[in-house]
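2 protein chains.
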Amino acid sequence: MSQQRSITIHAPATVANMVCGFDVLGFAVNDPYDIMKIRFSDRPGVTIVNEDAYNLPLEPEKNVAGAALLALLEEAPDVKGLEITINKQIKPGSGVGSSAASAAGAVVAANILLGHPFSKPDLVRFAMNGEKVASGVKHADNIAPCIYGGVTLIRSIFPLDIIQLNAPPLFVTIVHPQIEVRTADARSILKQQILLKDAIKQWGNIAGLVAGLQQQDYELIGRSLEDVLIEPVRSILIPGFDQVKKRSRDAGALGGGISGSGPSIFMLSRDEATAKKVEQEMHSVYDAINLEHHTYVTTINSNGITITEQ
Amino acid sequence: MSQQRSITIHAPATVANMVCGFDVLGFAVNDPYDIMKIRFSDRPGVTIVNEDAYNLPLEPEKNVAGAALLALLEEAPDVKGLEITINKQIKPGSGVGSSAASAAGAVVAANILLGHPFSKPDLVRFAMNGEKVASGVKHADNIAPCIYGGVTLIRSIFPLDIIQLNAPPLFVTIVHPQIEVRTADARSILKQQILLKDAIKQWGNIAGLVAGLQQQDYELIGRSLEDVLIEPVRSILIPGFDQVKKRSRDAGALGGGISGSGPSIFMLSRDEATAKKVEQEMHSVYDAINLEHHTYVTTINSNGITITEQ
Chain D
1 MSQQRSITIH APATVANMVC GFDVLGFAVN DPYDIMKIRF SDRPGVTIVN EDAYNLPLEP
61 EKNVAGAALL ALLEEAPDVK GLEITINKQI KPGSGVGSSA ASAAGAVVAA NILLGHPFSK
121 PDLVRFAMNG EKVASGVKHA DNIAPCIYGG VTLIRSIFPL DIIQLNAPPL FVTIVHPQIE
181 VRTADARSIL KQQILLKDAI KQWGNIAGLV AGLQQQDYEL IGRSLEDVLI EPVRSILIPG
241 FDQVKKRSRD AGALGGGISG SGPSIFMLSR DEATAKKVEQ EMHSVYDAIN LEHHTYVTTI
301 NSNGITITEQ
Chain R
311 MSQQRSITIH APATVANMVC GFDVLGFAVN DPYDIMKIRF SDRPGVTIVN EDAYNLPLEP
371 EKNVAGAALL ALLEEAPDVK GLEITINKQI KPGSGVGSSA ASAAGAVVAA NILLGHPFSK
431 PDLVRFAMNG EKVASGVKHA DNIAPCIYGG VTLIRSIFPL DIIQLNAPPL FVTIVHPQIE
491 VRTADARSIL KQQILLKDAI KQWGNIAGLV AGLQQQDYEL IGRSLEDVLI EPVRSILIPG
551 FDQVKKRSRD AGALGGGISG SGPSIFMLSR DEATAKKVEQ EMHSVYDAIN LEHHTYVTTI
611 NSNGITITEQ
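Heads up: the sequence lines are chains D and R, in that order.
Residue 1 is where the first sequence starts when you use this note's numbering, and the numbers rise one by one after that.
Residue 311 is where the second sequence starts when you use this note's numbering, and the numbers rise one by one after that.
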């Protein structure tokens, strides 16, 4: 393989939890995405080049993409060095899998460059090292959909068991209010003990959501997008949450909730016109309280990371 | 409609919970089943005739089938009286939905006799009054599969939301060790507070089970048949449980666990030969400890209650 060759990929944003699937469900979207280019380097280890304005760390151990690549290199002893150029479009801290896109994008690109020596579960395993740098915890609910595409279930993390779920076409509206919610904070406010009766509601809903996705039953998907455990606690950290949710549903959204640990909020709709109406409602909620925010109207990305140049 | 006409039905046994779906999943089996015959009666209200040896109460309010029929009659004011003849084949207290078969069978038969004035959700609602007589709680995880057939999800009970899940062909081996486990006791030993991390495992598994059933992925079904919350507590009440489970899996069963609140244990297999091997293992476990027991090798019943004579 040529030492000059480079691989460019798009690594999509992802929405973890999907309301009733805390820590186990996630899906990829078509917009936004990070652009990353990888090539062999004579410099040993991992070299990071930032092409964006986020000033993320250049030391590989402290960089999400770097830590994921270091884990991969441990199992690819013949490779001397890799240089990765990162053009981040997914704002760090927005709650739509920015760190997962960096970590997953880096190792997927490296795997292509190396001629596909690794399986998808291997790549998830490497990328989780990046998540550990970002949040202190190895979790896969953003990485799995980023790599596999579509809606994914992480039935178990040790041992890793990832299941791709079928899903009907869905439009996704995302709003990112410009406030900071640290993943660690969002995690620490959760109660470690919960009521069995609440857990039963939650697993009734996740079972309904999975059935609804597989059976392409939009109404069932909508009814199942209910979270009695996490959302009531975490939504307090997100100004305007209740209003965004209520007005989005009134505008025709099937349902939605906090993306990952927030602050972004996502809503699913059956068609693009509704998804755009939902976007207007989101603007209107945050304009009224003068909170800077970005919105995206997009669709579920069923391919995961895509190669754009090789 | 003729006042002489009678309707005879078979009401199947059911397995509630399905390991990781506590209180929300259940499925019907083809064997055993109760036989019930209903006709109009000049005697007002509900008249019960027992054709079996179980000596169940004849007062409608105290009888599971009677209580369900009384609830139906409240919404059918033109009907003077109904006489129901019950030939129970599903042993009360065995944990395979004996009370649900009585309650559901009675109201489904009555609905046919009356010319189908009621919907399936109506019938579930009436039948839950029978479950209340049996266990003190209105639950639908046996009634729903008994009426709908196949594997059912009760996403929510108030309001009632029942979803039929697709499932591949599955063989079911059931063993009923002759000990008494009262539903109320089996319920009272459960902890009302659980750990979030255990609940996450449980909803990962139920999501995996629903996906496995819908995608006809037997391996995934097997991996998902895991219960970290209820089984470790309740299985203590069932002698031989751990051995039955281990030896059934070793014999090729996909997995299984406690049927409802026990004492019956069910195991799922991909083919009949395996299901019969599993039956031999069950015999061998209970013969060794000299515990009287019954076994069934059957399949998932996809039709629910069936009319045999009208």
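C-beta atoms are modelled at their ideal positions from N, C-alpha and C, and glycine is treated no differently.
Where residue i and residue j are concerned, what is the direct C-alpha to C-alpha distance, given to the nearest angstrom?
{"i": "residue 45/D", "j": "residue 151/D", "result": "33 Å"}
{"i": "residue 167/D", "j": "residue 518/R", "result": "15 Å"}
{"i": "residue 605/R", "j": "residue 485/R", "result": "4 Å"}
{"i": "residue 576/R", "j": "residue 438/R", "result": "24 Å"}
{"i": "residue 510/R", "j": "residue 395/R", "result": "46 Å"}
{"i": "residue 184/D", "j": "residue 236/D", "result": "15 Å"}
{"i": "residue 140/D", "j": "residue 564/R", "result": "26 Å"}
{"i": "residue 375/R", "j": "residue 471/R", "result": "23 Å"}
{"i": "residue 490/R", "j": "residue 603/R", "result": "12 Å"}
{"i": "residue 328/R", "j": "residue 216/D", "result": "24 Å"}
{"i": "residue 368/R", "j": "residue 336/R", "result": "29 Å"}
{"i": "residue 41/D", "j": "residue 502/R", "result": "57 Å"}
{"i": "residue 89/D", "j": "residue 163/D", "result": "28 Å"}
{"i": "residue 302/D", "j": "residue 173/D", "result": "16 Å"}
{"i": "residue 178/D", "j": "residue 75/D", "result": "39 Å"}
{"i": "residue 285/D", "j": "residue 31/D", "result": "22 Å"}
{"i": "residue 87/D", "j": "residue 105/D", "result": "11 Å"}
{"i": "residue 529/R", "j": "residue 454/R", "result": "26 Å"}
{"i": "residue 182/D", "j": "residue 498/R", "result": "40 Å"}
{"i": "residue 157/D", "j": "residue 599/R", "result": "39 Å"}
{"i": "residue 592/R", "j": "residue 225/D", "result": "41 Å"}
{"i": "residue 56/D", "j": "residue 99/D", "result": "11 Å"}
{"i": "residue 118/D", "j": "residue 568/R", "result": "40 Å"}
{"i": "residue 669/R", "j": "residue 458/R", "result": "Residue numbering for chain R in the displayed model covers 311 to 620; residue 669/R lies beyond these limits and cannot be assessed."}
{"i": "residue 364/R", "j": "residue 252/D", "result": "54 Å"}
{"i": "residue 270/D", "j": "residue 581/R", "result": "40 Å"}
{"i": "residue 43/D", "j": "residue 287/D", "result": "49 Å"}
Taking Cβ to Cβ, would you say residue i is nearer than 7 Å to residue j?
{"i": "residue 28/D", "j": "residue 304/D", "result": "yes"}
{"i": "residue 475/R", "j": "residue 523/R", "result": "yes"}
{"i": "residue 578/R", "j": "residue 570/R", "result": "no"}
{"i": "residue 198/D", "j": "residue 20/D", "result": "no"}
{"i": "residue 500/R", "j": "residue 543/R", "result": "yes"}
{"i": "residue 504/R", "j": "residue 332/R", "result": "no"}
{"i": "residue 297/D", "j": "residue 273/D", "result": "no"}
{"i": "residue 496/R", "j": "residue 456/R", "result": "no"}
{"i": "residue 202/D", "j": "residue 513/R", "result": "yes"}
{"i": "residue 433/R", "j": "residue 417/R", "result": "yes"}
{"i": "residue 131/D", "j": "residue 120/D", "result": "no"}
{"i": "residue 211/D", "j": "residue 520/R", "result": "yes"}
{"i": "residue 142/D", "j": "residue 95/D", "result": "no"}
{"i": "residue 481/R", "j": "residue 616/R", "result": "no"}
Of the residues the options, which one's Cα is nearest the Cα of residue i?
{"i": "residue 373/R", "options": "340/R, 345/R and 445/R", "result": "445/R"}
{"i": "residue 92/D", "options": "285/D, 271/D and 263/D", "result": "263/D"}
{"i": "residue 309/D", "options": "113/D, 42/D, 126/D and 32/D", "result": "113/D"}
{"i": "residue 420/R", "options": "389/R, 404/R and 342/R", "result": "389/R"}
{"i": "residue 205/D", "options": "223/D, 215/D, 216/D and 103/D", "result": "223/D"}
{"i": "residue 115/D", "options": "283/D, 56/D and 7/D", "result": "7/D"}
{"i": "residue 469/R", "options": "435/R, 377/R and 492/R", "result": "435/R"}
{"i": "residue 221/D", "options": "105/D, 144/D and 169/D", "result": "169/D"}
{"i": "residue 370/R", "options": "364/R, 467/R and 443/R", "result": "443/R"}
{"i": "residue 103/D", "options": "67/D, 117/D and 252/D", "result": "67/D"}
Quiz item: Between the region 313 to 331 of chain R and the region 359 to 367 of chain R, do three or more beta carbon pairs fall short of 8 Å?
Solution: no
Quiz prompt | chain R contacts from the region 18 to 32 of chain D (Cβ-Cβ distance under 9 Å) | solution = 20, 21, 22, 23, 24 and 25
Exercise. Taking 8 Å as the threshold, find out whether the region 35 to 44 of chain D comes into contact with the region 141 to 160 of chain D through three or more Cβ pairs.
Key: no
Quiz prompt | Touch test, the region 235 to 251 of chain D against the region 63 to 72 of chain D, Cβ-Cβ under 8 Å, three pairs minimum | solution = no
Practice problem: Residues of the region 455 to 480 of chain R with a CB closer than 8 Å to any CB of chain D: list them in chain order, please. | Solution: 463, 464, 465, 466, 471, 473, 475 and 476
Quiz item: Can at least three beta-carbon pairs, one atom from the region 587 to 599 of chain R and one from the region 554 to 564 of chain R, be found at a separation below 8 Å?
Solution: yes
Quiz item: At a Cβ cut of 9 Å, what residues of the region 565 to 588 of chain R count as close to chain D, listed as they run along the chain?
Solution: none
Quiz prompt | Cβ-based contacts, 9 Å cut-off: residues of the region 491 to 522 of chain R near chain D | solution = 500, 501, 502, 503, 504, 505, 506, 507, 508, 509, 510, 511, 512, 513, 514, 515, 516, 517, 518, 519, 520, 521 and 522
Practice problem: Output, in sequence order along the chain, the residues in the region 39 to 55 of chain D whose CB is closer than 7 Å to any CB in chain R. | Solution: none
Practice problem: Give the residues from the region 222 to 236 of chain D that approach chain R closer than 8 Å (Cβ to any Cβ), ordered along the chain. | Solution: 223, 224 and 229
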